[in-house]
Amino acid sequence: MGKGLSSVQERINRLRAGFVDQLPERIAQARGSVETLKRRPDDPGAREELHRFFHGIKGTGRSFGLKELGVVAAQGEAWVTRHDAGEDAMSPEAWLEQLEEYLNLLSSMAGEIGNTQRQTLPPALECQCPVAGESDEDGLERRGRVVYVCDDDKLMLDQLSMQLRCFGFKAVTFVDTRSLRNAVMNHPPDAVIMDIMFPSGHDAGTEAVFALQQEIGREIPTIFLSSRTDFSARLDAVRAGGDAYFLKPARTLELVSSLDELTTPRQTDPFRILVVDDEPEIGAYHALILEGAGMVTRCLHDPGRILEELREFRSDLVLMDMYMPACNGRDLARLIRQIPDYVGLPIVFLSGETDRKKQDSAMRIGAEGFLTKPVQPADLITAVAVRAERMRTLRSLMTRDSLTGLFNHTTTSQLLDNAIASAQRTDATLCFSMIDIDHFKLVNDTHGHPMGDQVIMALSRVLQQRLRNSDVVGRYGGEEFAVILQDVSLERAARLIDDLRLDFGKLVFQSAQGSFSCTFSAGVASLTQHSCLETLREAADRALYLAKHHGRNRVEVD
């Protein structure tokens, strides 16, 4: 058993022991409800408390592997439900006597379990909780990725390496396969871009890569770049371990996109799951299962705090019990759905309820699913992950620009507002920049709108690749972009944007009408001079206008 799984299992065992320790007290409280019903047979509160008691013991007991306990609790729950529905004609005394019998059985079983509660969980529960692999917190930064480029065409080599550097790659060039091989053996790169035809042979590139992969015993991400269009060349490239194949002259943006896919570690934020259950042990148990799969969870035992928790925790999904004090799951879900921000938030019910009509009723209020306790850990993880992933996708579609994948205008404004509030709370520095591509209409008119889209995507990639992860890049609309720079002075921010301007101007685009380059103008403003969103945005816009007025292809500050 792996270290992560052992840790989770130990915590589950502790939760199980805590549940067993509390059983005598909970059974005593249930006996108190029975005594209340002896005095007041129609007391609705006592009946509801008994139903919740049996229901909770049933679900929690089964989830912790205490099957016999769960069976007796299920019988007690059915007994309460049937009598409430008028299905039993026996006297109130006989009905209460049977309830006491169920409580006596539970009490006896709780005593036996308590004597052996240090035992491990049954094997059926031990091995089915997948544990996520450890994340690589020291993963490569995008701008630190090293790419070896090998081609005997020195002019093409210099041009390609220069453009790769503009996108933040560290490009090292070689004009022959032997030099490349020696460099790889000493310092393996993150990726290789390789020509196929060399003076030593029409297949020298693929042969060299194949031999190199064999020699080092592992594959290095490789992109072949060649003027050969024949099937044989492509097949040899695949057999040599090539991950992509581009014809010369390749579009730099497409080449960079392929490099991104091959060299960027996929680091997605873990799903955030809010677990709502009035049973602390079972809520913690399900949270542990999800945490073992790499998710972040928060447990809520008081439904009255649901709105505060949703605001603070920003959950991707709510996992909710059906029966809780003060309100049931259906009512709580309807309450959540009345808040515009949470209309699309996935809600999954997790309950011991087996009545199909009640399950369907719960689904009709807009729940995403209904899981019956006890649920197998793997089934729980799958059900939650699929729905949380769908929520992430929908959120992305609503907050991202469809062409570039950058934040859209509305989301960028919201993030700027949040960044300003945070900077003012912590007395930190913050700068905001507006960027506009120069003479963009001329690009569309001369080279076509598809080529204009290529220019927009190229600038978006330059900004994404070169700025820090803490910075925010958005597309404000058309050819206009916005950048939020945190913890930098106005002078430093202006220099950083100006460096990006210089590198963007070095990119060469290819169209049917020929090669061309583009530039951009930018305005930068600081929160220290402009203390709110509107004035900061207006200041950056004024600085951008000034840059345009002074001849374009420059950065101005306000």
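Just so it is clear: in the sequence shown, position 25 is 25 by the working numbering, and no numbers are missing. Note that beta-carbon positions come from the ideal geometry of N, C-alpha and C, so glycine has one too.
Judged by DSSP in its simplified three-state form, K38 adopts helix. Excluding residues up to 5 positions away in sequence, A333, I347, V348, F349 lie with their Cβ nearer than 7 Å to the Cβ of A367 in the same chain.
Taking the Cβ atoms as the reference, T412 lies roughly 3 Å from G474, within the contact range of under 8 Å. Assignment of beta-bridge partners to Q486 by DSSP yields L430.
Secondary structure note for Q510: its beta strand (DSSP E) is the uninterrupted segment 509–511.
Per DSSP, reduced to three states, the secondary structure at M194 is strand. Minimum Cα-Cα distance from P188 among the listed residues A171, V175, T429 corresponds to A171.
In the structure shown, T173 adopts extended strand secondary structure according to DSSP, grouped into three states. In the structure shown, A540 adopts helical secondary structure according to DSSP, grouped into three states.
D43 sits in coil when the DSSP states are folded into three classes, being neither helix nor strand. Beta bridge pairing from DSSP links A525 with F432. With respect to the 8 Å criterion, S433 and A547 are not classified as neighbours on the basis of their beta carbons.
For V443, the secondary structure class from DSSP, reduced to helix, strand or coil, is helix. Within the DSSP secondary-structure output, M320 pairs in a beta bridge with V276, F349. Per the Cβ contact rule, the segment 290–309 is not in contact with the segment 38–52 (fewer than 3 Cβ pairs under 8 Å). If you look at Y476, you'll find it in the beta strand (DSSP E) that goes 472–477. Between the C-alpha atoms of E312 and R16 there is a straight-line separation of about 29 Å. Using a C-beta cut-off of 8 Å, the segment 161–178 makes contact with the segment 192–209, since at least three inter-stretch Cβ pairs fall below that distance. The beta carbons of I497 and V524 sit closer together than 8 Å. With respect to the C-alpha of A191, the residue from I220, A183, I216, C166 having the closest C-alpha is I220.
Taking all protein chains in view, the Cβ of M90 is surrounded by fewer than 16 other Cβ atoms within 10 Å, so the residue is classified as exposed. In the three-state reduction of the DSSP assignment, F53 falls in the helix class, which pools H, G and I. Close CB contacts of V184 within its chain, under the 8 Å cut and outside five residues either way in sequence, are with Y148, V192, L212, I216, I220 (chain order). The shortest C-alpha to C-alpha distance from I336 to any of V386, A326, I306, D321 is the one to I306. In the pairwise beta carbon analysis, the segment 479–493 is classified as touching the segment 424–431: at least three pairs are separated by under 8 Å.
Remark: fewer than three beta-carbon pairs, one from each stretch, lie closer than 8 Å, so the segment 254–265 and the segment 229–239 are not flagged as touching.
DSSP, reduced to helix, strand and coil, places A78 within a helical segment of the structure shown. Per the coordinates, the alpha-carbon of H409 lies some 23 Å from the alpha-carbon of N553.
Shown here, L533 sits in a helix according to DSSP, grouped into three states. Counting of Cβ neighbours within 10 angstroms places H55 among the buried residues, the total reaching 16 or more. Only buried fits R466, as 16 or more other CB atoms lie within 10 angstroms of its CB. T264 carries a coil assignment under DSSP once its states are collapsed to helix, strand and coil.
In the three-state scheme derived from DSSP, where H, G and I count as helix and E and B as strand, G514 is classed as strand.
The alpha-carbon separation between S402 and G452 amounts to approximately 15 Å. Segment contact: the segment 319–331 against the segment 277–291, three or more CB-CB distances shorter than 8 Å; contact assigned.
With a contact defined as Cβ atoms closer than 8 Å, L533 and D379 miss out at about 46 Å.
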